[in-house]
Amino acid sequence: MRKRRRISARFRLLVPMAVAAAVMTIVIFTACTQAPKETNLLLPVDYTNVPDDMILTHFYTDKIEVKIKCRPKHIETLSKKSLVYPADIYTDLAFDPAGGTDAIEPGHYLLPVDKTRIPLGRSTSIVNITPSYLGIRLEEKVTRVFKVTVPLIGKTAKGYLARPAVCEPATVALTGAKSLINRIEQLSTKPVDLANANENFKKEVPLDLKQPELFTAAQSIFVVSVKVQSLTGTRTIKQIPIQIQNRPAKKVSIEPSTISIDLKGPHENLNSTTLTDKIYAFMDLEGLKPGVYARHAYIDIPVELVMTNAAPRVFTVKIE
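For the sequence shown, the residue numbers in mature numbering (1 follows the signal peptide of the UniProt record, and there is no 0) are -21 to -1, 1 to 299.
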């Protein structure tokens, strides 16, 4: 009985000690895990208040690295936010010896980074900011009107020719930094593919700018019209037999009995495999009595073609 009482007494003493130890461990662990830590944040720079007659060129500091110190839980919260550094050009140039808010001219400037603009919260301290100044270049903004050309690529269908493309509108006003605008010799749309075309077509095509983010165009989409016409050529059809209409007698002869003609027209029609079937040469001998006559032949050809020559022009007709 005495042993049981001793064990029970000891057990009552050990339990509070174990609980206290566990609580101390949790407190120490929590304190360690919530101790402030340092980390780096990469913030994009958002430039505002650019003077109306100026352009912020692409030569500028676009990010800053901010070293902060705070509890891990707050670091996790900050990492989920889309933080940016707001750079106010008018305000910041007041601190630059080279410029001022009353007279800002084209040139290179250094804008001081103001840590009070970074929304990190009171529980976060900023250890360091790199770089401490933002480098920018301002240029004079100009607008110039360019004629828009349309490059054609590819080939039309065989026997067809594409005329120079017509662009609507024919010109466009482009705004940007003066140095960049002055480098542009001509403006063109994206290439238009003829793609085996055999008829006129229209297409909407965007303006072709290598760095469109550096310019402002009055219009970015253009309507391009391309006329496609058939190529013309010539062809000689020989030995076309001459048919007789209204034969006046049983025995009639025509010398020579065939005719050759030269045709001009679209390649597609000239090269048709059925062209000779559509050509008809004849003489109408109605009312003629026996004898010898000098006569011309009549030629029927497709309306798409033009006859430029015929040989012979006169035939000898004998009626017996």
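No residue lacks a Cβ here, since even glycine has one placed at the ideal position from N, Cα and C.
Fair warning: this is a prediction, and the values are worked out from it, not measured in the lab.
By the neighbour-count definition (other C-beta atoms within 10 Å, threshold 16), S209 is a buried residue.
Sequence-distant Cβ neighbours of A289 in its own chain, meaning closer than 8 Å and more than five residues away, are I238, S239, I240, D241, A276 and I278. Contact annotation: S167 and V127 have beta-carbon atoms nearer than 9 Å. No Cβ-Cβ contact shorter than 9 Å links I34 with G114.
With a 10 Å radius around the Cβ and a threshold of 16 neighbouring Cβ atoms, T135 comes out buried. By the C-beta density criterion, Y259 is exposed, having fewer than 16 other C-beta atoms within 10 angstroms. By the CB criterion at 9 Å, P235 and F180 fall outside the cutoff. Taking each of V92, R142 and K120 in turn and checking the Cα distance to I108, the smallest one comes out for V92. Contact between S204 and A152 fails: their C-beta atoms lie close to 22 Å from each other, not under 8 Å.
Distance from the CA of F261 to the CA of Q222, rounded to the nearest whole angstrom, comes to 4 Å. In this structure, the straight-line span from the alpha carbon of I298 to that of E247 is close to 41 Å. Secondary structure remark: continuous beta strand (DSSP E) runs of at least 3 residues inside the stretch 228 to 270, in chain order: 231 to 234, 237 to 245 and 259 to 263.
Contact between the stretch 48 to 62 and the stretch 171 to 188 is absent: fewer than 3 CB-CB pairs across the two stretches fall below 8 Å. Residue pairing by DSSP puts I298 in a beta bridge opposite V231 and G270. Contact check for V207 against C146 fails: the beta carbons are separated by 9 Å or more. One Cα belongs to F125, the other to T150, and the distance between them is close to 5 Å. Beta-bridge annotation (DSSP): V127 is paired with L166.
When C-alpha distances from I132 are compared across K48, L173, R274 and I160, the shortest belongs to L173. Of all alpha-carbon atoms in T215, I160 and R116, the one lying nearest the alpha-carbon of P85 is that of R116.
Apart from sequence neighbours up to five positions away, the residues of its chain that approach G270 with a beta-carbon distance below 7 Å are I298, ordered along the chain. Membership of L22 in the beta strand (DSSP E) is indicated by the continuous run K16 to T27. Take the alpha-carbon of K52 and the one of P15: they are about 9 Å apart. If you draw a straight line from the Cα of T18 to the Cα of E55, it is about 11 Å long. Per DSSP, I280 is not a residue of any alpha helix (DSSP H), being assigned neither H nor E. Contact check for T211 against T287 fails: the beta carbons are separated by 9 Å or more.
Taking a C-beta distance under 9 Å as the contact criterion, K94 and I105 qualify as a contact pair. DSSP places K46 in the strand class (E or B) of the three-state scheme. For a cut-off of 8 Å, the C-beta gap from N28 to Y69 is around 4 Å, short enough to register as a contact.
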